[in-house]
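Per my numbering, the sequence shown runs over residues 510 to 776. We put the CB at the ideal spot given by N, CA and C, even for glycine. Values in this document were obtained by computation on a predicted structure and should not be read as measured data. A short write-up of the structure that comes next.
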Amino acid sequence: MIIPKTAEEIELMRESALIVSKTLGMIAKEIKPGVTTLHLDHLAETFIKDNGAIPGFLGLYDFPNTLCVSPNSQVVHGIPNNTPLEEGDILSVDCGALKNGFYGDHAYTFPVGEVSEDIKKLLSITKASLYEGIRAFKVGNRIGDIGFAIQNLCENEGYGVVRELVGHGLGRTMHEDPEVPNYGRKGSGKKIVEGMVIAIEPMINMGTKNIHQHKDGWTITTKDGLPSAHFEHNVAVVNGMPELLSTFDYIYQSLGISSDEELPFRA
Ligand code: MG
Ligand code: MG
Numbered sequence: 510m511i512i513p514k515t516a517e518e519i520e521l522m523r524e525s526a527l528i529v530s531k532t533l534g535m536i537a538k539e540i541k542p543g544v545t546t547l548h549l550d551h552l553a554e555t556f557i558k559d560n561g562a563i564p565g566f567l568g569l570y571d572f573p574n575t576l577c578v579s580p581n582s583q584v585v586h587g588i589p590n591n592t593p594l595e596e597g598d599i600l601s602v603d604c605g606a607l608k609n610g611f612y613g614d615h616a617y618t619f620p621v622g623e624v625s626e627d628i629k630k631l632l633s634i635t636k637a638s639l640y641e642g643i644r645a646f647k648v649g650n651r652i653g654d655i656g657f658a659i660q661n662l663c664e665n666e667g668y669g670v671v672r673e674l675v676g677h678g679l680g681r682t683m684h685e686d687p688e689v690p691n692y693g694r695k696g697s698g699k700k701i702v703e704g705m706v707i708a709i710e711p712m713i714n715m716g717t718k719n720i721h722q723h724k725d726g727w728t729i730t731t732k733d734g735l736p737s738a739h740f741e742h743n744v745a746v747v748n749g750m751p752e753l754l755s756t757f758d759y760i761y762q763s764l765g766i767s768s769d770e771e772l773p774f775r776a
């Protein structure tokens, strides 16, 4: 059942999303060769608690940490560990926070130091596909229009769109209806309605779409071992149109990047 949110609830959800946005902005400064993902995890846990929120992933479905950290060929759900990051790696950092009874949940894939041109393109196309998906999240469309927009852009570049893992509704639970696949047919799926809040999160592989689940029960990697990227935003339908609750601005401030990509979707 889809649970549309009131204007007041959407403001509370923005608060939760912004705690995650700020956490990722803080983490962005720390990601460099030699740093371990367990160190990043400790920083994030402390930061979220200091901001009056609860880490959203810690203990959820028995996940052991605050961050999902997925380097290189890991798609999502990687568990923080003591392996140092290396120059040329990429690292997807996915984070959740719970405040006022509502979850925020979004993700960014960071380059570690200098990365190859091929990887830069994978990151840039995956992020662009996220905004294509967001653009399709409006009254008059259906959920399949979001997946179509993402799939169309990414497959045209020869990338694999992961099928088994999807975006989702967001609210008082981390995963609500509807499921939001990153592939789909135009005009298919559930109707998009006012007040709907979802997490859109393309998971895009440089090679084939096929994935493999590790014995730890969490980590997902690409079957062909090629890199995978993941970007996620939280979006509400307000006045029929997509409005971002999360922002990558704190990340961009940390990294000295200027971007107007979010402007069309700001409150
Ligand atoms: Mg997430
Ligand atoms: Mg999510």
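Looking at C-alpha atoms only, which residue of the options is the closest neighbour of residue i?
i	options	result
residue 724	697, 587 and 708	587
residue 579	612, 540, 562 and 684	540
residue 734	746, 716 and 546	716
residue 615	769, 582 and 709	709
residue 662	676, 675, 642 and 652	642
residue 546	521, 593 and 584	593
residue 744	704, 511 and 608	704
residue 517	676, 570 and 747	747
residue 568	767, 727 and 774	727
residue 607	560, 589, 620 and 640	560
residue 612	562, 772 and 773	562
residue 673	652, 639, 665 and 711	711
Using a Cβ-Cβ cutoff of less than 7 Å, which residues in the same chain neighbour residue i once the five nearest sequence positions on both sides are dropped?
i	result
residue 610	681
residue 553	532, 536, 575, 576 and 604
residue 776	752
Give me whichever residues DSSP pairs with residue i in a beta bridge.
i	result
residue 600	580 and 619
residue 754	Its beta-bridge partners do not exist; DSSP assigns none.
residue 640	DSSP lists no partner for residue 640.
residue 745	706 and 752
residue 593	545
residue 731	720
residue 776	BP columns for residue 776 are empty, so no partner.
Between residue i and chain D, is any beta-carbon pair separated by less than 8 Å?
i	result
residue 648	Given the protein chain composition of this structure (a single chain), no chain D is represented.
Assign residue i to one of three DSSP states: helix, strand, or coil.
i	result
residue 551	helix
residue 645	coil
residue 770	coil
residue 570	helix
residue 738	strand
residue 688	strand
residue 523	helix
residue 545	strand
residue 701	coil
residue 535	helix
residue 612	strand
residue 653	helix
residue 560	coil
With a CB to CB cut of under 6 Å and the five nearest residues on each side skipped, what residues in its chain are close to residue i?
i	result
residue 514	704 and 706
residue 656	690, 691, 692 and 693
residue 644	none
residue 638	659, 662, 663 and 711
Apart from the five residues just before and just after residue i, which ones in its own chain have a Cβ nearer than 8 Å to its Cβ?
i	result
residue 511	678, 685, 686, 687, 699, 702 and 705
- Contact set, ligand 1 heavy atom to C-beta under 5 Å: 603, 614, 616 and 741
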